[in-house]
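Colleague:
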Amino acid sequence: MKRRARHWRRCQGSATRPPWTNRSAWPRSRHCSRVSTKPGSEGGAAASAPLRVLHLHSTFDAGGKERRAVALMNAFAKGGHGASNGKAIRHSIVSAVPEATGARAAIDPAVTVGFPFGFPPLTGKFSVDRMRKLARAMQDFDLVLTYNWGAMDAAMAHAMFAPSMRLPPLVHHEDGFNADEAGKLSWRRNWYRTVALARASRLVVPSERLEAIALTAWRQPRGKVVRIANGIDTAAFTAKPGPKAIPRVVKRADEIWIGTVAGLRAVKALPRMVEAFSGLDDRFQLVILGEGPERQAIVEKAIDLNIGHRVHLPGFVADPAGAIGLFDIFALSSDSEQFPLSVVEAMAAGLPVASPAVGDVALMVSPENLPYIVAPGDAGALGAAMQELGDSAALRTKIGEANRAKARADYDAGPMVARYAQLYAGVLGRPSFP
617 MKRRARHWRR CQGSATRPPW TNRSAWPRSR HCSRVSTKPG SEGGAAASAP LRVLHLHSTF
677 DAGGKERRAV ALMNAFAKGG HGASNGKAIR HSIVSAVPEA TGARAAIDPA VTVGFPFGFP
737 PLTGKFSVDR MRKLARAMQD FDLVLTYNWG AMDAAMAHAM FAPSMRLPPL VHHEDGFNAD
797 EAGKLSWRRN WYRTVALARA SRLVVPSERL EAIALTAWRQ PRGKVVRIAN GIDTAAFTAK
857 PGPKAIPRVV KRADEIWIGT VAGLRAVKAL PRMVEAFSGL DDRFQLVILG EGPERQAIVE
917 KAIDLNIGHR VHLPGFVADP AGAIGLFDIF ALSSDSEQFP LSVVEAMAAG LPVASPAVGD
977 VALMVSPENL PYIVAPGDAG ALGAAMQELG DSAALRTKIG EANRAKARAD YDAGPMVARY
1037 AQLYAGVLGR PSFP
């Protein structure tokens, strides 16, 4: 047991005991999963010891919430965008889907982060014993950050055991719904969220729609719910990428690219995007950046419609700023969104957006872009929006410039990072974060 404890401290860079003490929950592996450790960061607990922040994700594939979480970690490590210097933070990241960790590729080398082995599962059959193990695993952290429904059991464990185990403060981040709640909220999940978030210090949402749901369906007090719009480094999307910027696909001068950036999940309804695209002529190419379980379904849809040669899935791209500018039109087809980061990136890159009216998308884009925000679930209307935008370069430029101006004015990363730093500092009772 002592040898395992020493191993855990080596992985986490902490002189404290590991955050779970039940023997069955100890890591089986003798090796750490570690991205980087800055020189001089080892040592015992002291007044200047780094903050220990635990991130519990529904998945850590490179979707919008994961890319935002990574952007915040990177910004805190560099001390930029008005945040305090974050090099004194040790992040530990757990995914409810252990193999889904694609977003780690975007973590800056300056960030000190671990992916602990043997952490109690975030999902599974409810039991008091399972909740107790999850709660115990949080004990030796300073701040717990949970994300989406897949981490709601951790919030429930915190609600049940926070007083008796003296657990650290918990902030929950909710960014939207999976396919099973895209059309209608589950009353069972609404009830569970209401109870699980009882002891959360804050609930952070990016969209007006989610804010309203949190206040009504989830019965959260006004003072607990905080809406922070997603932001990006808008300046990074100014330069036009070269034609070979995206692996395994090259843009030719006469092509019009319709593109998207998304985790390939059912809620994104990407086969519908393929269907909407299928009526366009051979000038058009569809480029879908991302990875996920729906990849094969997308490929099969393209083959069934005899457009497989014009539908490209290059995979995950770590730096969207170096790729998204190759698109001529940005498209969404999702059954559910809230405040999609990819739309902000497209706007910053000066692109028009063709999308269903889901979440806050219609509020996000410029007024000039509104005619191309169509009824949800209507592949024909989405295809017509793509066609009209594709037929006029002047129209694309006009709308794209209006979108870029709005992104720079409303969605830059600076205010977002500063608000998150202020939020976390307030929860911890500190003047700044970290």
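In case it helps, the working numbering puts the sequence shown at residues 617 to 1050.
C-beta: ideal position from N, C-alpha, C; glycine also.
1. Which class does Pro-940 belong to by DSSP, given the choice of helix, strand or coil?
2. Who are Pro-972's beta bridge partners in DSSP?
3. Would you call Ile-919 buried or exposed, if buried means 16 or more other Cβ atoms sit within 10 Å of its Cβ?
4. Spatial neighbours of Glu-682 within its chain, please: C-beta separation below 6 angstroms, excluding the five flanking residues on both sides.
5. DSSP puts His-671 in a beta bridge; with which residues?
6. On the three-state DSSP scale, how would you describe Arg-843?
7. Quick one: is Asp-897 buried, meaning 16 or more other Cβ sit within 10 Å of its Cβ, or exposed?
8. When DSSP labels each residue in this structure, what does Arg-881 get in the three-state scheme?
9. Taking a contact to mean a Cβ-Cβ separation below 8 angstroms, would you say Leu-738 touches Ser-708 in this structure?
10. Any contact between the segment 957-976 and the segment 1016-1029? By contact I mean 3 or more CB pairs, one from each, below 8 angstroms.
11. Does the separation of the CB atoms of Ala-771 and His-788 fall below 8 angstroms?
12. What residue from Ile-862, Phe-793, Glu-953 and Gly-975 has the CA that sits closest to Ala-937's CA?
13. If you measure from the CB of Met-768, is any heavy atom of the ligand NAD nearer than 7 angstroms?
14. Return yes when the Cβ of Ser-952 is within less than 8 angstroms of the Cβ of Val-883, no when it is not.
15. Does Phe-1049 pass the burial test, meaning 16 or more other C-beta atoms within 10 Å, or should it be called exposed?
16. Might you give, ordered along the chain, the residues of its own chain that have their beta carbon closer than 6 angstroms to the beta carbon of Arg-668, omitting 5 neighbours on each side?
17. Give me whichever residues DSSP pairs with Phe-733 in a beta bridge.
18. Check the DSSP bridge columns for Asp-1028 and list the partner residues they point to.
19. With DSSP collapsed to three states, give me the class of Trp-873.
20. Pair every Cβ in the segment 904-912 with every Cβ in the segment 921-932, then say whether three or more of these pairs are closer than 8 angstroms.
21. Taking the alpha carbon of Arg-843 as the reference point, which residue from Pro-1047, Met-1032 and Arg-1046 has its own alpha carbon closest?
22. Would you kindly work out how many angstroms separate the C-alpha atoms of Trp-873 and Lys-867, rounded to a whole number?
23. For Phe-943, does the count of other Cβ atoms within 10 angstroms reach 16, so buried, or fall short, so exposed?
24. Are Phe-853 and Ile-989 touching if we call contact CB-CB under 8 angstroms?
25. Can you tell me where the beta strand (DSSP E) with Gly-931 in it begins and where it stops?
Modeller: Taking the coordinates as given:
1. Stepping through the sequence shown from its first residue, residue 940 is reached at position 324. In the sequence under discussion, the amino acid at residue 940 is Ile, which differs from the Pro named in the question. Looking at Ile-940 - three-state DSSP - the assignment turns out to be helix.
2. In the sequence shown, counting from the first residue as 1, residue 972 sits at position 356. Partner(s): Val-990.
3. As a working note, residue 919 is residue 303 in the sequence shown. So Ile-919 ends up on the exposed side.
4. Numbered from 1 along the sequence shown, position 66 holds the residue referred to as residue 682. Phe-676 and Ala-719, listed in sequence order.
5. Counted from its first residue, the sequence shown places residue 671 at position 55. Answer by DSSP bridge pairing, in chain order: Ile-709 and Leu-761.
6. Start at 1 with the first residue of the sequence shown, and residue 843 comes out as number 227. Strand at Arg-843.
7. The count along the sequence shown starts at 1 and reaches residue 897 at position 281. Exposed.
8. In the sequence shown, the residue the question calls residue 881 occupies position 265. Of the three classes helix, strand and coil, the one that applies to Arg-881 here is coil, per DSSP.
9. Position 122 of the sequence shown, counted from the start, is the residue given in the question as residue 738. Position 92 of the sequence shown, counted from the start, is the residue given in the question as residue 708. No, they are not a contact pair.
10. yes
11. Counted from its first residue, the sequence shown places residue 771 at position 155. Counted from its first residue, the sequence shown places residue 788 at position 172. Closer than 8 angstroms, so yes.
12. Residue 937 sits at position 321 when you count from the first residue of the sequence shown. Cα-wise, what sits closest to Ala-937 is Ile-862.
13. With respect to the ligand NAD, the structure offers nothing, as it holds no ligand at all.
14. Residue 883 sits at position 267 when you count from the first residue of the sequence shown. Residue 952 sits at position 336 when you count from the first residue of the sequence shown. Yes; because the gap between Cβ atoms is below 8 angstroms, this pair is in contact.
15. Taking the first residue of the sequence shown as position 1, residue 1049 is located at position 433. With 16 or more Cβ atoms within 10 Å of its Cβ, Phe-1049 is classed as buried.
16. In the sequence shown, counting from the first residue as 1, residue 668 sits at position 52. Contacts found: Arg-706, Phe-757 and Asp-758.
17. Along the sequence shown, read from residue 1 onward, the residue named residue 733 stands at position 117. Partner(s): none; Phe-733 has no beta bridge.
18. Translated into the one-based positions of the sequence shown, residue 1028 becomes position 412. In the DSSP output, where bridge partners are listed per residue, Asp-1028 has Ile-848.
19. Counting from 1 along the sequence shown, the entry for residue 873 is found at position 257. Strand.
20. yes
21. Numbered from 1 along the sequence shown, position 227 holds the residue referred to as residue 843. Out of Pro-1047, Met-1032 and Arg-1046, Met-1032 has the C-alpha closest to the C-alpha of Arg-843.
22. Along the sequence shown, one-based indexing puts residue 873 at 257. Along the sequence shown, one-based indexing puts residue 867 at 251. Distance between the alpha carbons of Trp-873 and Lys-867 is about 8 angstroms.
23. Walking along the sequence shown from the start, residue 943 turns up at place 327. Answer is buried; the Cβ neighbour count reaches 16.
24. Here the question's residue 853 lines up with position 237 in the sequence shown. Here the question's residue 989 lines up with position 373 in the sequence shown. Their beta carbons are not under 8 angstroms apart, which means Phe-853 does not touch Ile-989 by this criterion.
25. On the sequence shown, residue 931 is found 315 positions in, with the first residue counted as 1. Unbroken beta strand (DSSP E) run through Gly-931: 927-931.
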